[in-house]
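Chemist:
In C-alpha cells, the structure reads:
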C-alpha cells in the first residue's frame, strides 16, 4: 500500500512569511508524528497526534509553530513568520498506534532565505 | 530513551559484511534495541528490533549479548545501495519521541 506522503517536497520562503507543510499518513494509522532534522543533525521531535488530538506538543520550538490533524488522517504543520533557523527537513511519521515502529515520509525541505 | 554510542562512520566494499556496534550501558530491563536506516533525502526506515540473543530478517541481523550493554547490527554482503546512515535506539516501546543522534554513516564502495 501507499506509504506516508508529504508535500511539498521542497519549499523556499522568505523570512517572515508563513508556510504550511502537509502530511498524508498511511491509511488506518491513528498515530502521527512530526519531527525536524537539521543538516547533519539528528532527529528532533515536534508533536504527536493520536487521532485528531495532540496530547504532546512539547517539542514545538515556539508559538510560531502549530499543527492540526483532521478526520484522523491528514495533518498540517504551520510555521508563522518564518526565521532562518527554521530551515530544516520536516519529517512526518505514522504508526498503527503508539508503537516504536514508525513509518516516515520523505520529508519537506524548508529553506528560509 | 537510554543513551547510545555508535561509530560516526564506517567504510566498506561491495560484497563485504558490515558490523556496526552500538553501546548502551544503561539499558533498562524493559528496553528493546531498534535500528533505523536513512538514505539521503529520505525519511528513516525501521530495519530491525530485538531484546536479546539474535534476531534476523531479510535485511539484517541483530546480535545482542547476554548483558545487553551493547548490540551489533550486521549487514550481510552489502551493495552500493546500502550506503546510508544507521541509527541505534534503545527504549521500552512507549518512547514515541524518537530521538536520533548522528548515527553511523556507512559508505559502500565498488
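Protein chains in written order, with our numbering: chain R, 2 to 114; chain X, 699 to 808.
No residue lacks a Cβ here, since even glycine has one placed at the ideal position from N, Cα and C.
No experiment lies behind these values; they were computed from the predicted model shown.
1. So the candidates are X/805, X/793 and X/754; which of them puts its Cα closest to the Cα of residue 57 of chain R?
2. Select from the region 83-98 of chain R all residues with a C-beta closer than 9 Å to any C-beta belonging to chain X, and list them in chain order.
3. Using Cβ-Cβ distances below 9 Å, what residues of the region 738-761 of chain X are close to chain R?
4. Which runs of the beta strand (DSSP E) at least 3 residues long sit entirely within the region 28-99 of chain R? Give them in chain order.
5. Let me make sure I understand the geometry here. Which of X/705, X/737, X/796 and X/724 has the alpha-carbon closest to that of residue 717 of chain X?
6. Looking at chain X, which residues of the region 32-61 of chain R have a Cβ within less than 9 Å of any of its Cβ atoms?
7. I think residue 81 of chain R touches residue 65 of chain R, with their Cβ atoms under 8 Å apart; what is that distance to the nearest whole Å?
8. Can you list, in chain order, the stretches of the beta strand (DSSP E) that have 3 or more residues and sit fully within the region 746-779 of chain X?
9. Would you mind telling me which residues of chain R sit closer than 9 Å to residue 701 of chain X, beta carbon to beta carbon, in chain order?
10. Given a threshold of 16 other Cβ atoms within 10 Å of its Cβ, counted over all protein chains shown, does residue 104 of chain R qualify as buried or as exposed?
11. Expressed to the nearest angstrom, what Euclidean distance is found between the alpha-carbon atoms of residue 52 of chain R and residue 29 of chain R?
12. Looking at the structure shown, is residue 723 of chain X part of a helix, part of a strand, or coil, going by DSSP?
13. Along the chain, where does the beta strand (DSSP E) that runs through residue 111 of chain R open and close?
14. Helix or strand or just coil, what does DSSP make of residue 792 of chain X?
15. Could you give the first and the last residue of the continuous beta strand (DSSP E) run that contains residue 19 of chain R?
16. So the beta strand (DSSP E) residue 732 of chain X belongs to, where does it begin and stop?
17. Using the DSSP secondary-structure output, state which residues sit across from residue 703 of chain X in a beta bridge.
18. Where do the ends of the beta strand (DSSP E) carrying residue 806 of chain X lie?
19. Once the 5 residues before and after residue 97 of chain R are set aside, which same chain residues still bring their CB inside 8 Å of it?
20. Can you tell me whether residue 3 of chain R is helix, strand or coil according to DSSP?
21. Does the beta-carbon of residue 95 of chain R have 16 or more other beta-carbons within 10 angstroms, so that it is buried, or is it exposed?
22. Cα separation between residue 724 of chain X and residue 5 of chain R?
23. If contact means a Cβ-Cβ distance below 9 Å, which residues of the region 760-784 of chain X contact chain R?
24. Could you pull the DSSP bridge partners for residue 8 of chain R from this structure?
Modeler: Per the coordinate set shown:
1. X/793
2. 90, 92, 93, 94 and 96
3. 739, 740, 741, 742, 743, 744 and 747
4. 32-38, 44-51, 54-57, 66-70, 76-80 and 89-96
5. Comparing Cα-Cα distances from residue 717 of chain X to each of X/705, X/737, X/796 and X/724, the minimum goes to X/705.
6. 32, 34, 36, 38, 41, 42, 43, 44, 45, 46, 49, 57, 59 and 60
7. Contact between residue 81 of chain R and residue 65 of chain R holds, with the beta-carbon distance rounding to 5 Å and staying under 8 Å.
8. 751-754, 759-762 and 768-773
9. The premise fails here: residue 701 of chain X is roughly 13 Å from chain R at the closest Cβ pair, so nothing lies under 9 Å.
10. buried
11. 10 Å
12. coil
13. 109-113
14. coil
15. Segment: none, residue 19 of chain R is in no beta strand (DSSP E) and carries neither H nor E.
16. Its beta strand (DSSP E) spans residues 730-736.
17. X/721
18. 802-807
19. 29, 30, 31 and 32
20. coil
21. Looking at its Cβ environment, which holds 16 or more other Cβ atoms inside 10 Å, residue 95 of chain R is buried.
22. 33 Å
23. none
24. R/23
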